[in-house]
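Scroll down for the structure; my scribbles are underneath it.
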Amino acid sequence: MSDLHRSFIKKIKQQESAFGLSSLSENVPTNINDDKTSISNLIKESSSNPRSKVTNRQLPNQQQDNEIIQAYNQFKESFFTEMEEYTDTTRSISFQTYYRAPTSKQDTVLFCLHGAGSSSMTFATFAQQIIEMTNSIGIFLFDIRGHGDSSPTTEYDILDFVQDVHFILSTFTTKPYYTNNSPIYLLGHSLGGAILSKYTSLHPDPQFNLQGLIMLDIVEETAVKSLSIMPQFIARRPPQFPTIERAIEWHMKSLLHNPESAKLSVPHLLNHHQGPLTWKTDLALTSPFWDSWFDGLADNFISFKGAKLLILSAHETLDKKLIIGQMQGKYQLVVFGGNNSKNNNVSGHFVHEDLPKQTSVCVVEFINRTKGADGKKDALGGIIPKWGGKIHK
Numbered sequence: 007m008s009d010l011h012r013s014f015i016k017k018i019k020q021q022e023s024a025f026g027l028s029s030l031s032e033n034v035p036t037n038i039n040d041d042k043t044s045i046s047n048l049i050k051e052s053s054s055n056p057r058s059k060v061t062n063r064q065l066p067n068q069q070q071d072n073e074i075i076q077a078y079n080q081f082k083e084s085f086f087t088e089m090e091e092y093t094d095t096t097r098s099i100s101f102q103t104y105y106r107a108p109t110s111k112q113d114t115v116l117f118c119l120h121g122a123g124s125s126s127m128t129f130a131t132f133a134q135q136i137i138e139m140t141n142s143i144g145i146f147l148f149d150i151r152g153h154g155d156s157s158p159t160t161e162y163d164i165l166d167f168v169q170d171v172h173f174i175l176s177t178f179t180t181k182p183y184y185t186n187n188s189p190i191y192l193l194g195h196s197l198g199g200a201i202l203s204k205y206t207s208l209h210p211d212p213q214f215n216l217q218g219l220i221m222l223d224i225v226e227e228t229a230v231k232s233l234s235i236m237p238q239f240i241a242r243r244p245p246q247f248p249t250i251e252r253a254i255e256w257h258m259k260s261l262l263h264n265p266e267s268a269k270l271s272v273p274h275l276l277n278h279h280q281g282p283l284t285w286k287t288d289l290a291l292t293s294p295f296w297d298s299w300f301d302g303l304a305d306n307f308i309s310f311k312g313a314k315l316l317i318l319s320a321h322e323t324l325d326k327k328l329i330i331g332q333m334q335g336k337y338q339l340v341v342f343g344g345n346n347s348k349n350n351n352v353s354g355h356f357v358h359e360d361l362p363k364q365t366s367v368c369v370v371e372f373i374n375r376t377k378g379a380d381g382k383k384d385a386l387g388g389i390i391p392k393w394g395g396k397i398h399k
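Its first residue numbered 7, the sequence shown is counted upward by one per residue in our numbering.
In structure tokens form, the structure reads like this:
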């Protein structure tokens, strides 16, 4: 562990102690890359864990699959006020979008972007928790290119994703269900966070009222290192599943910790046709573009002029640039405790799926505190402890 990282952890503990907060883990690892919930370790575990392989035991009742699909379809139809396909005719590509409007058109919109191999429905349970807390925040989701129900493609460069985001924002802000200049907060998980950070760096003075940037469990150094073992993960990922129930079972053993969230997110990842269920996204096609995805992520995030929030599953995943930026008070940090089975707070890379309530509380509190501000207001000097401690203002 570097002296800088030790200093950072010491600062967190001093802040917590001063405010009477529960402390972070006392068992700080000797290596900054030892975090078991990091992307690279998540990939290693899901690739090498024999339990993650789909077995050929007796198939579950088809009725159970039908019930899962029915609940998934009902959620989309009842939760979202708008489900629309946005088509960019100049580039011949379409994107499936979902929008839950706030009570007032002048209210804040949370623009959420998922990561590679995922889909818009990864935010389903998180979005439900947001709406349970407040109706003054709208939720906008869309499937990125080659994912979910958006157009298939073979082009996955970061600049293509950035252009997609600009098109989606440009289209969304002209719709009758959006009031001009309503505040927008960008939220991205994993690759989604990298895309949005890149977007804000290339559009520093956007035509949209972007007031905040939120990243979920994405750190440049960790993400770049994880790419070296992505081929192994892709090779060992089951190419198909006999049922939705079996697909959920694999995700629960490999990637997720919340079965309720998995029942809404996993069905959107698969082609529902006769015979075995196959992936909508061919991750192998993305490999030529991996080098472009996370380059400059930390600088892009820190340089955003509005309010910034980084939510991590564990504090050990921070890299040098983020540690320096955080110690300088340039963004707010929320760290969860990782695998805390005692309090049923088990989380991994998909922190918004594993802990949707806790994540939504952090996001709503952040929006309420920074909306209309200059982005410099924060609590505890920009440090928020892992879930379980109180936030003093």
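Virtual Cβ for every residue (Gly too), placed ideally from N, Cα, C.
- Each of 367, 76, 354 was checked against the Cα of residue 195, and the nearest Cα belongs to 354.
- One alpha carbon belongs to residue 254, the other to residue 211, and they sit about 42 Å apart.
- Residues of the same chain with their beta carbon placed closer than 7 Å to that of residue 181 are lacking, with the five preceding and five following residues left out of the count.
- Under the DSSP definition of a beta bridge, residue 330 lacks any partner.
- If you draw a 10 Å sphere on the C-beta of residue 378, you find fewer than 16 other C-beta atoms in it, and that means exposed.
- 147 is the residue among 101, 147, 140, 139 whose C-alpha sits nearest the C-alpha of residue 82.
- Residue environment for residue 271: buried (at least 16 other C-beta atoms within 10 angstroms of its C-beta).
- For residue 269, the enclosing alpha helix (DSSP H) covers residues 265 to 271.
- Unbroken alpha helix (DSSP H) stretches of 4 residues or longer found wholly inside the segment 122 to 148: 130 to 139, given in chain order.
- Closest by C-alpha distance to residue 235, out of 273, 213, 70, 290, is 290.
- When the alpha-carbon of residue 369 is set against those of 221, 279, 91, the nearest one is in 221.
- For residue 230, the enclosing alpha helix (DSSP H) stretches over residues 226 to 232.
- In this chain, the beta strand (DSSP E) harbouring residue 119 covers 114 to 119.
- Pairing residue 341 with residue 320 gives a Cβ-Cβ distance under 8 Å.
- Between residue 92 and residue 100 the beta-carbon gap is near 7 Å, inside 8 Å, which marks them as a contact.
- If the five residues before and after residue 327 are omitted, its C-beta is found closer than 6 Å to the C-beta atoms of 304, all from its own chain and listed in chain order.
- 358 is the residue among 358, 76, 78 whose C-alpha sits nearest the C-alpha of residue 223.
- In the structure shown, residue 198 falls within a helical segment according to DSSP collapsed to helix, strand and coil.
- In this structure residue 219 does not touch residue 208 by the C-beta definition: roughly 13 Å separates them, more than the 8 Å allowed.
- About 4 Å separates the CB atoms of residue 132 and residue 362; that is less than 8 Å, so the two are in contact.
- When the beta-carbon positions are compared, residue 152 and residue 102 stay at least 8 Å from each other.
- By the C-beta density criterion, residue 226 is buried, having at least 16 other C-beta atoms within 10 angstroms.
- In this structure, DSSP gives residue 262 a state outside helix and strand, which the three-state scheme calls coil.
- With respect to the C-alpha of residue 174, the residue from 118, 84, 285 having the closest C-alpha is 118.
- For residue 204 and residue 230, the gap between their C-alpha atoms comes out near 15 Å.
- For residue 258, same chain residues with a beta-carbon under 7 Å away, outside a window of 5 residues either side, are 265, 268 in chain order.
- For the options 134, 252, 113, 193, the alpha carbon positioned closest to that of residue 185 is the one of 113.
- Taking C-beta atoms as the reference points, residue 106 and residue 87 count as a pair closer than 8 Å.
- With a beta-carbon spacing of about 7 Å, residue 206 and residue 216 fall inside the 8 Å limit used to define contacts.
- Residues 291 of the same chain have their beta carbon placed closer than 6 Å to that of residue 160, with the five preceding and five following residues left out of the count.
- Linking residue 72 to residue 84 through their CA atoms gives a straight-line distance of about 18 Å.
- Between the C-alpha atoms of residue 247 and residue 360 there is a straight-line separation of about 22 Å.
- Between the alpha carbons of residue 365 and residue 256 lies a gap of roughly 24 Å.
- Distance from the CA of residue 188 to the CA of residue 116, rounded to the nearest whole angstrom, comes to 11 Å.
- Going by DSSP, residue 371 is part of the alpha helix (DSSP H) stretching over 362 to 376.
- DSSP places residue 161 outside any beta strand (DSSP E), giving it a letter other than H or E.
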